[in-house]
Each structure stands twice: as C-alpha cells, then as structure tokens.
Amino acid sequence: MTDCSTTRGTKGVGVEKTKKISTSSSSSSSANNTMDHHHSESGASAKQYEIDFYKDSSHDLFRPNEIQAAFQPVSDCQLVAARVSEWPWEVGSVGLTPSLQYPSPYESLRVGHWVEDEILERVMQIMIHQNQLQEVVVVLESFVMTWGLRKSQGADELAKILQEKQIFEKDLAFVLINSDAKGHGGHWILGVIIIPKQKILLLDSALVLSTTHYQKFFFGLLNILHIAHKVQECNNKDVFDPSQWKLFVSLDAIQQNNAYDCGPCVVCNAFSLATCGTQLDRRPKSFLVREWLYHTLVNFNAKQDDKRVGTRSTGGLTFLDTELPRKNSTFAPSGLIIRFKFFQNSKLA
1 MTDCSTTRGT KGVGVEKTKK ISTSSSSSSS ANNTMDHHHS ESGASAKQYE
51 IDFYKDSSHD LFRPNEIQAA FQPVSDCQLV AARVSEWPWE VGSVGLTPSL
101 QYPSPYESLR VGHWVEDEIL ERVMQIMIHQ NQLQEVVVVL ESFVMTWGLR
151 KSQGADELAK ILQEKQIFEK DLAFVLINSD AKGHGGHWIL GVIIIPKQKI
201 LLLDSALVLS TTHYQKFFFG LLNILHIAHK VQECNNKDVF DPSQWKLFVS
251 LDAIQQNNAY DCGPCVVCNA FSLATCGTQL DRRPKSFLVR EWLYHTLVNF
301 NAKQDDKRVG TRSTGGLTFL DTELPRKNST FAPSGLIIRF KFFQNSKLA
C-alpha cells in the first residue's frame, strides 16, 4: 500500500500566488506571446500541433472562433503535492526486463518508445479495480477526447459511450488526451475531471505556457460533459452550465527529461491522484516504470478477476440497444476561465 503521508514545508506552503495572463489574441499574436517550456514530442512540437489545429479546415473540428470566443479576455494564473516514501514502480523487487524482450502486444513498453494508448488505459483501469475505486473513478479513452473536439462526427457513438460511463455518478474521471487533436499521434496529457467541485485539472509532463494551447482541451472536455449530462438525464430541471467549470493547468507537474515518457507520466499521475489525492511528486525512472506497467498488465491478466475490471470501449457501435438522438444541442459556452496553478504540498481542493 502506498504511504501518502505528506511532508509540508515551513513558511508559505499552500499559499496561492496570482499572476495575470492574457488569453485574448488572434492566432498570430498568440504565437508571438507563447512561452514554451516543453520537451520534444512525437512528430512535431506542441506549437506546431496548435498551428495545424487552427489552420486545417478539412476536419470536423470546432473552429478557432468557436473555441476562443468561449474564454474571457483575461484569466487568473494562480501559482499553488505530497511526498510518498516509495511508489510501486520504485520498489526494489521490480526487476528489469531487457528492453528488447517485451513480448507482443507490449512492444511499445521498450525504453525509447512511445507507449500505446491501449496499454495506458488498461493500467489505469486495473489501478482503479485494485484500489476498489470503480464506484468513484472512471477512465475516458483517448478517442473520447478526440471525438469531444468534433462538432458532429461520432456524436452518436460518443453519446452511447458516455451513457455507459455515467460520469456524473462518479467523483473523478481520468481522461487520456493526445495533443494532436487530429489523431496523428502526439504527446500524452492527463485530464482529471473533478465532478463534485466542477473543476478540470490538466497535468502535462511537457508543459507549454501558452495563452491558447490548453483552451481546446478544456473546451473539448466541457463538450464531453455537456453530452454526458444530456444522455444521463441528470435531473431534468438542471441545465449544464459550462461557465461554472474551471480549468487548472498544473505548473509544477513532473516534467519528463526525454521525448518518450509522457505516457508513463500520465499513468503515474493518475495513480497518485487516485490513491493519495495529490499529483505525482517526482519523475519516475523510465526503465523502472515501464517494467511496472508490464508486470501490472501481465500479473492482472493472469488472474481470474480480469472480467470484473472495466475494458476499453469498443467505439460505442454495438454495446447499447437503445437508439439515441444523432444531434446534440449546440455547445457554445462563454465566460470560461483558465488558471495556471502550483499544487505543492497540498491536497487537491
């Protein structure tokens, strides 16, 4: 069991500091004001993904004016983790499997490779099961976020999946997010939807201090919640109000020191949040955390209780008999706010 006792500093711990960052700009001025603090990504930089996202009109994506119009001109940038003596991936009994000997379908766990989404999602599902958190935590797969950024394509399938997930019956939803919204395969980010508090937290191991970079992820997650609220028929008198939700981007999320460990960082952060209520306090070693991921998958799959853990959604085409409306009501929020915040030595509030 993970010891989640915290070690607090002395003076000033937990005090939030505020800084202002403007979010009003065209795509050109946004590029000029972007402050990058990130490592290399698969295929292209985060900045290039952002440029491509707004330039390409051939995909069924929400357009820049639709996303940027939802955000207030100015957002708070609030600067605000617990130390664990030993994480599971640091335990001495975890041996090292030579990097070239990971069998199929686990080849992407080799050091120096980007870990596939199915592996990351499966380990998060197992983690939830092993800690008996099925009633309070749910995992949303990477394609759910991809569909959340589309206006109509896949809307019916997304609605069916979200009806199965029952997000508003949970406390937390972990979302595997790819920085490349068009699905080319970019950088993994962890999205955390804190349902009771109407907050969304983004933990990015290759942080980008940009006035617009995280807007599309926040917008897409709110669109997912908008659809989920409708299909769950959450109290017919209630109307989902996206302006009541706030986005926090962690400024002190652990940062990877290579171009390929974003996926393991996502899972480790999810583990820390689910078991300790805090973000991860230190960067995992690449070969050790991949070994831990492998043993978690193999050992769990060897047990008979495998059927009791949530499995990856098939795409929503066959697992529901009831037909849902193909069109959802227009999603056009306004007054959204992004806050950049430190979470040092404190539980998530």
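Number 349 marks the last residue of the sequence shown (the UniProt record's numbering); no jumps. In this text, a Cβ means the ideal position worked out from N, Cα and C, and glycines have one as well. As the structure is a prediction and not an experimental result, all values here were calculated from the model.
Query                                                                                                                                                                           : Result
Quick check on DSSP: helix, strand or coil for LYS170?                                                                                                                          : coil
Look up PHE248 in the DSSP assignment and give the residues it is bridged to.                                                                                                   : LEU201, ARG339
Kindly indicate the opening and closing residues of the alpha helix (DSSP H) around GLY220.                                                                                     : 215-232
Identify the continuous alpha helix (DSSP H) that holds LEU133 and give its terminal residues.                                                                                  : Segment: none, LEU133 is in no alpha helix (DSSP H) and carries neither H nor E.
Could you give the DSSP three-state label for CYS77: helix, strand or coil?                                                                                                     : The pLDDT assigned to CYS77 is 34, lower than 50, so where the model puts this residue is not dependable; a value taken from the coordinates is nonetheless given after this. Looking at CYS77 - three-state DSSP - the assignment turns out to be strand.
Once the 5 residues before and after PHE218 are set aside, which same chain residues still bring their CB inside 8 Å of it?                                                     : ILE200, LEU202, LEU247, LEU336, ILE338
Considering only the alpha carbon of each residue, which of PHE340, PRO284, TRP292, ILE128 lies closest to ASP252?                                                              : PHE340
Please identify the residue among THR212, GLY220, ASP171 whose C-alpha is closest to the C-alpha of ASP60.                                                                      : GLY220
From which residue to which residue does the beta strand (DSSP E) around GLY191 run?                                                                                            : 188-194
In the DSSP assignment, find the unbroken alpha helix (DSSP H) run with LEU293 in it and report its ends.                                                                       : 286-301
So, does the stretch 292-300 touch the stretch 271-281, judging by three or more C-beta pairs under 8 Å?                                                                        : no
Just the C-alpha distance for ASP281 and VAL84, rounded to the nearest angstrom, thanks.                                                                                        : 8 Å
Report the partner residues of LEU61 according to the DSSP bridge assignment.                                                                                                   : ARG150
If TYR214 and VAL249 are in contact, beta carbons under 8 Å, what's the gap, nearest whole angstrom?                                                                            : 5 Å
Cβ of GLN279 within 7 Å of Cβ of ASN269?                                                                                                                                        : yes
ILE195: which of ALA228, GLU141, LEU207, GLY186 sits nearest, CA to CA?                                                                                                         : ALA228
Is the CB-CB distance between LEU288 and TRP89 below 7 Å?                                                                                                                       : yes
Out of ILE167, ASN131, GLN132, which has the shortest C-alpha to C-alpha gap to GLU141?                                                                                         : ILE167
Return helix, strand or coil for GLY310, following the three-state DSSP convention.                                                                                             : Reliability of the predicted coordinates at GLY310 is poor, the pLDDT of 48 falling under 50, and the value obtained from them is presented with this limitation in mind. Three-state DSSP puts GLY310 in coil, outside helix and strand.
Within the same chain, show all residues whose beta-carbon is closer than 6 Å to that of residue 350, passing over the 5 residues directly before and after it, in chain order. : No information on residue 350 is available, as it lies outside the stretch 1 to 349 that the chain covers here.
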